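**Q**
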Amino acid sequence: MSPVLAGVLQLLALMAALALAYRPLGDHMARVYSSDRHLRVEKWIYKGIGADPNTGMRWPAYLRGVLAFSAVSVLFLYLLQRVQGSLPGSLGFSSIDPDQAFNTAASFATNTNWQSYYGEQAMGHVVQTGGLAVQNFVSAAVGMAVAVSLVRGFARSRTGELGNFWADLVRGTVRVLLPLSVIAALVLVACGVIQNFAGIHEVGQFTGGAQEWNGGAVASQEAVKEIGTNGGGYFNANSAHPFENPNAFSNLFEVFLILLIPFALTRTFGRMVGSPRQGYAILATMATIWVGFICLMWWTEFAHHGPAFEIAGGAMEGKEARFGIGASSIFSISTTLTSTGAVDSFHSSNTGLGGGLNLLGMQLGEIAPGGTGSGLYGMLVMAVVAVFIAGLMVGRTPEYLGKKIGIREIKFAACYILITPALVLLFTALAMALPTPGDSMTNSGAHGFSEILYAYTSGANNNGSAFAGLDADTQWFNTTIGIAMLLGRFLPMVFVLALAGSLAEQRPVPATAGTLRTEKPLFTGLLVGAILIITGLTYFPALALGPLAEGLAS
Numbered sequence: 132m133s134p135v136l137a138g139v140l141q142l143l144a145l146m147a148a149l150a151l152a153y154r155p156l157g158d159h160m161a162r163v164y165s166s167d168r169h170l171r172v173e174k175w176i177y178k179g180i181g182a183d184p185n186t187g188m189r190w191p192a193y194l195r196g197v198l199a200f201s202a203v204s205v206l207f208l209y210l211l212q213r214v215q216g217s218l219p220g221s222l223g224f225s226s227i228d229p230d231q232a233f234n235t236a237a238s239f240a241t242n243t244n245w246q247s248y249y250g251e252q253a254m255g256h257v258v259q260t261g262g263l264a265v266q267n268f269v270s271a272a273v274g275m276a277v278a279v280s281l282v283r284g285f286a287r288s289r290t291g292e293l294g295n296f297w298a299d300l301v302r303g304t305v306r307v308l309l310p311l312s313v314i315a316a317l318v319l320v321a322c323g324v325i326q327n328f329a330g331i332h333e334v335g336q337f338t339g340g341a342q343e344w345n346g347g348a349v350a351s352q353e354a355v356k357e358i359g360t361n362g363g364g365y366f367n368a369n370s371a372h373p374f375e376n377p378n379a380f381s382n383l384f385e386v387f388l389i390l391l392i393p394f395a396l397t398r399t400f401g402r403m404v405g406s407p408r409q410g411y412a413i414l415a416t417m418a419t420i421w422v423g424f425i426c427l428m429w430w431t432e433f434a435h436h437g438p439a440f441e442i443a444g445g446a447m448e449g450k451e452a453r454f455g456i457g458a459s460s461i462f463s464i465s466t467t468l469t470s471t472g473a474v475d476s477f478h479s480s481n482t483g484l485g486g487g488l489n490l491l492g493m494q495l496g497e498i499a500p501g502g503t504g505s506g507l508y509g510m511l512v513m514a515v516v517a518v519f520i521a522g523l524m525v526g527r528t529p530e531y532l533g534k535k536i537g538i539r540e541i542k543f544a545a546c547y548i549l550i551t552p553a554l555v556l557l558f559t560a561l562a563m564a565l566p567t568p569g570d571s572m573t574n575s576g577a578h579g580f581s582e583i584l585y586a587y588t589s590g591a592n593n594n595g596s597a598f599a600g601l602d603a604d605t606q607w608f609n610t611t612i613g614i615a616m617l618l619g620r621f622l623p624m625v626f627v628l629a630l631a632g633s634l635a636e637q638r639p640v641p642a643t644a645g646t647l648r649t650e651k652p653l654f655t656g657l658l659v660g661a662i663l664i665i666t667g668l669t670y671f672p673a674l675a676l677g678p679l680a681e682g683l684a685s
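Heads up, our numbering is the position in the sequence shown plus 131, with the first residue counted as 1.
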């Protein structure tokens, strides 16, 4: 079987599995976030944190809940790392330095999971399980809560209430993420992923000395790492490590977990607004971009010229022989389009244009299908912009799901879209202009520029994957990428919740003969075009200096 055919068959199998899970999971999440009933364990949690889950919140109160919880999460994880050397189960590792502890705390609390450390050489069992794994759950649940609040903004009328943040947070964790993670962890253990609390031990003698590995509760963390679109690996090699990803089946299963909730949330959206066809339109937009990027990545990685590439069947540098080019391309595109950050190959070793596709996938805004929750609300903001553009073209007041898109709404949407590119381009410019940050580049020229552009794109878009060539464990990069992650996560949420509150206060507008049918393929095409054009106009100059220049020169 040819490598190309193997890749196509894996893609088809993946799409079939996602299609089977789409309706049941999407309907389940719609019931979870629409229910008035509280489970007993949820009541215990509410009592423990002093929250009333039945109190409706307007968008400022909902935002305060998001920010307060996230601030406590950052502080707790920072302190846990700083005292690691005094904790049991630390495996002899010392406490984490302040700048790296800040970076890691900001990373995991923002669902970014950027790592400037070697997991197996820095973090003990307590920090891994009690700190990082916990944030994998709750940071994903925060993103889902914000997405659901925006959906309620479209679904509700003449009220400013968007639900209760604490109820959404707890339900998303207890009823969605936790059950899925338990099932996924069992499957991963069956595939060969390790799950233990073993210490450091030698695994054999190699040139230069013995090789040492430590065990860990890898399968349980790997499950939520993918389901919550987190991406932080237990080991430095991430999903290229055989303890995290042993074989071709586990590799495809991990991609399935990454895409599961982001795609299924479009069904949840359709059910909650009372029109499943609206959810299908958003799903079609996400799927079109995702499949298109995979095909382009296959083209760049399989068709590269040269004797070595022809013998290997394509650009195999930096890729696991267990997976090959086809599966590695599916994995890399799926992670960079979903804010996951997990890798089973090294993106720096991709062809110039292949690395550019990974960059562009993040720069789209992580919306195809995007992160757990963040993908849906990012796509809905782009839908608001697309409707506004269509309204300008035909001279009508734009409407989406029965809500008018006026000056206030489009200002919120525009601010959401502009924040992340501003962070990426500003920090990249500073790093290139100042003398010290450039010392971290292991390559010069266009590839070296791509390393820094990729780092800030990954941080500000809350992706977390790395280009695998930049020494980011410096005070400059730990601090600035940490700031980019925090601002890139929470500033957009401000405008998403403000938009949700504005929409919820409106009275629905009845559809007329001139209303744009947003459930039709025409709107899907308009939305795809708007996303690509807005991103292209924003990032094309930077991409031309990096991956495009490298790709055209090769």
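For each residue, glycine too, the CB sits at the ideal point set by N, CA and C. Quick caveat, the model's predicted, so the values are computed rather than measured.
Pull up the CB-CB distance for residue 590 and residue 615, whole angstroms please, since I reckon it's below 8 Å.
**A** Position 459 of the sequence shown, counted from the start, is the residue given in the question as residue 590. Position 484 of the sequence shown, counted from the start, is the residue given in the question as residue 615. Contact holds; Cβ gap of about 4 Å.
**Q** Got a sec? Which residues, its chain only, sit under 6 Å from residue 409 by beta carbon, not counting five neighbours each side?
**A** Residue 409 sits at position 278 when you count from the first residue of the sequence shown. Excluding residues within five positions, the ones whose Cβ falls inside 6 Å are 401 and 650.
**Q** Grab me the residues of residue 681's own chain with a C-beta within less than 6 Å of its C-beta, minus the 5 sequence neighbours each way, in chain order.
**A** Your numbering for residue 681 matches position 550 in the sequence shown. Here the set comprises 483, 577 and 578.
**Q** Alpha carbon to alpha carbon, what distance is there between residue 273 and residue 392?
**A** Counting from 1 along the sequence shown, the entry for residue 392 is found at position 261. Counting from 1 along the sequence shown, the entry for residue 273 is found at position 142. A direct Cα-to-Cα measurement between residue 392 and residue 273 gives close to 14 Å.
**Q** Tell me which residue opens and which closes the alpha helix (DSSP H) that residue 513 is part of.
**A** By 1-based counting over the sequence shown, the position of residue 513 is 382. That run of the alpha helix (DSSP H) goes 505 to 525.
**Q** What are the start and end residues of the alpha helix (DSSP H) that includes residue 286?
**A** Position 155 of the sequence shown, counting from 1, holds the residue named residue 286. Residue 286 -> alpha helix (DSSP H) spans 264 to 286.
**Q** Using a Cβ-Cβ cutoff of less than 7 Å, which residues in the same chain neighbour residue 574 once the five nearest sequence positions on both sides are dropped?
**A** Sequence index remark: in the sequence shown, residue 574 carries index 443 (1-based). These residues qualify, in order along the chain: 582 and 600.
**Q** Looking at the unbroken alpha helix (DSSP H) that takes in residue 183, where does it start and where does it end?
**A** Sequence index remark: in the sequence shown, residue 183 carries index 52 (1-based). Where residue 183 is concerned, there is no enclosing alpha helix (DSSP H), given that its DSSP letter is neither H nor E.
**Q** For residue 251, which residues from the same chain have a beta carbon less than 7 Å from its beta carbon, with the 5 sequence-adjacent residues on both sides left out?
**A** As a position in the sequence shown, residue 251 is number 120, starting the count at 1. Cβ within range, chain order: 344, 345, 366 and 367.
**Q** Taking only the alpha-carbon atoms, compute the straight-line gap between residue 606 and residue 230 and give it to the nearest angstrom.
**A** As a working note, residue 606 is residue 475 in the sequence shown. As a working note, residue 230 is residue 99 in the sequence shown. Roughly 6 Å separates the two Cα atoms.
**Q** So what's residue 345 in DSSP terms, helix, strand or just coil?
**A** Position 214 of the sequence shown, counted from the first residue, corresponds to residue 345. Reduced to three states, the DSSP call for residue 345 is strand.
**Q** What does a CB cutoff of less than 7 Å around residue 198 pick up in its chain, not counting 5 residues either side in sequence?
**A** On the sequence shown, position 67 is the one that residue 198 refers to. Counting only Cβ-Cβ distances below 7 Å, and skipping sequence neighbours, we find 621.
**Q** Is the region 425 to 436 close to the region 177 to 191, with three or more CB pairs under 8 Å?
**A** no
**Q** According to DSSP, is residue 372 helix, strand or coil?
**A** Taking the sequence shown and counting its residues from 1, one reaches residue 372 at position 241. Looking at residue 372 - three-state DSSP - the assignment turns out to be coil, as it is neither helix nor strand.
**Q** Please list the terminal residues of the continuous alpha helix (DSSP H) segment that includes residue 236.
**A** For the purposes of this step, residue 236 is identified with residue 105 of the sequence shown, where counting begins at 1. Run containing residue 236: 229 to 240, per the alpha helix (DSSP H) assignment.
**Q** Note down, in chain order, each residue of its chain lying with its Cβ closer than 7 Å to the Cβ of residue 571, except the 5 sequence neighbours on either side.
**A** Within the sequence shown, residue 571 is the residue found at index 440, counting from 1. So the list reads 601, 602, 603, 605 and 608, once near-sequence residues are dropped.
**Q** For the alpha helix (DSSP H) containing residue 299, list its first residue and its last residue.
**A** Mapped onto the sequence shown, residue 299 falls at position 168. Unbroken alpha helix (DSSP H) run through residue 299: 296 to 302.
**Q** With a threshold of 6 Å on Cβ separation, who are the neighbours of residue 216 within its own chain once the five nearest residues in sequence on each side are excluded?
**A** Against the sequence shown, residue 216 aligns to sequence position 85. For residue 216, where only same-chain residues beyond five positions count, the Cβ hits under 6 Å are 225 and 226.
**Q** If you follow the alpha helix (DSSP H) that residue 157 is part of, which residue opens it and which one closes it?
**A** Your numbering for residue 157 matches position 26 in the sequence shown. From DSSP, the alpha helix (DSSP H) with residue 157 extends over 134 to 165.
**Q** Would you report the Cα separation of residue 541 and residue 550, rounded to the nearest angstrom?
**A** Taking the first residue of the sequence shown as position 1, residue 541 is located at position 410. Taking the first residue of the sequence shown as position 1, residue 550 is located at position 419. The alpha-carbon atoms of residue 541 and residue 550 are separated by roughly 14 Å.
**Q** Leaving out five residues on either side along the sequence, give the residues of the same chain with a beta carbon under 8 Å from the beta carbon of residue 189.
**A** Counted from its first residue, the sequence shown places residue 189 at position 58. Result list for residue 189: 291, 292, 293 and 632, in chain order.
**Q** My output table needs one value for residue 596: the three-state DSSP class, helix, strand or coil.
**A** One-based indexing of the sequence shown puts residue 596 at position 465. It is coil, neither helix nor strand.
**Q** Are there 16 or more other CB atoms within 10 angstroms of the CB of residue 132, so buried, or fewer, so exposed?
**A** Locating residue 132 in the sequence shown gives position 1, counting from the first residue. It counts as exposed.
**Q** Taking the straight line between their C-alpha atoms, what separation do you get for residue 378 and residue 564?
**A** Within the sequence shown, numbered from 1, the residue matching residue 378 stands at position 247. Within the sequence shown, numbered from 1, the residue matching residue 564 stands at position 433. About 43 Å.
**Q** Just the Cα atoms here: how many angstroms apart are residue 646 and residue 288?
**A** To locate residue 646, count along the sequence shown from 1; it is residue 515. To locate residue 288, count along the sequence shown from 1; it is residue 157. Looking at the two C-alpha atoms, the distance is approximately 19 Å.
**Q** Based on Cα-Cα distance, which residue from 533, 331, 629 and 351 lies nearest to residue 710?
**A** Since the first residue shown for the chain is 132 and the last is 685, residue 710 is missing from the structure and cannot be characterised.
**Q** Can you list, in chain order, the residues of its chain whose CB lies under 6 Å from that of residue 369, leaving out five sequence neighbours each side?
**A** The residue you call residue 369 lines up with position 238 of the sequence shown. Cβ contact annotation for residue 369 (same chain, cutoff 6 Å, sequence separation greater than five): 473 and 474, in chain order.
**Q** Taking residue 506 as the reference, give the member of 148, 282 and 554 with the closest Cα.
**A** The residue labelled residue 506 in the question sits at position 375 within the sequence shown. The residue with the shortest Cα to Cα distance from residue 506 is 282.
**Q** Can you tell me which of the three DSSP states residue 188 falls into?
**A** Walking along the sequence shown from the start, residue 188 turns up at place 57. Three-state result, residue 188: coil.
**Q** Cα separation between residue 654 and residue 478?
**A** Looking up residue 654 in the sequence shown gives position 523. Looking up residue 478 in the sequence shown gives position 347. Distance from the CA atom of residue 654 to the CA atom of residue 478, rounded to whole angstroms, is 33 Å.
**Q** Taking only three categories from DSSP, how would you classify residue 547?
**A** On the sequence shown, position 416 is the one that residue 547 refers to. Residue 547 falls in the helix class under three-state DSSP.
**Q** At a cut of 8 Å, does the region 154 to 174 reach the region 194 to 212 through at least three beta carbon pairs?
**A** Judged by Cβ distances under 8 Å, the region 154 to 174 makes no contact with the region 194 to 212, as fewer than three pairs qualify.
**Q** Among 228, 275 and 221, which one has its Cα closest to the Cα of residue 160?
**A** Taking the sequence shown and counting its residues from 1, the one referred to as residue 160 is at position 29. When only C-alpha atoms are compared, the closest one is 275.
**Q** Let me confirm a value: residue 702 is counted as buried when at least 16 other C-beta atoms fall within 10 Å, else exposed. Which label applies?
**A** Shown here, the chain extends from 132 to 685; a query on residue 702 therefore has no answer.
**Q** Check whether the Cβ atoms of residue 522 and residue 509 lie closer than 8 Å to each other.
**A** Translated into the one-based positions of the sequence shown, residue 522 becomes position 391. Translated into the one-based positions of the sequence shown, residue 509 becomes position 378. No.
**Q** Mapping the DSSP letters down to three states, classify residue 169 as helix, strand or coil.
**A** Translated into positions along the sequence shown, residue 169 becomes position 38. In this structure, residue 169 counts as coil in the three-state DSSP scheme.
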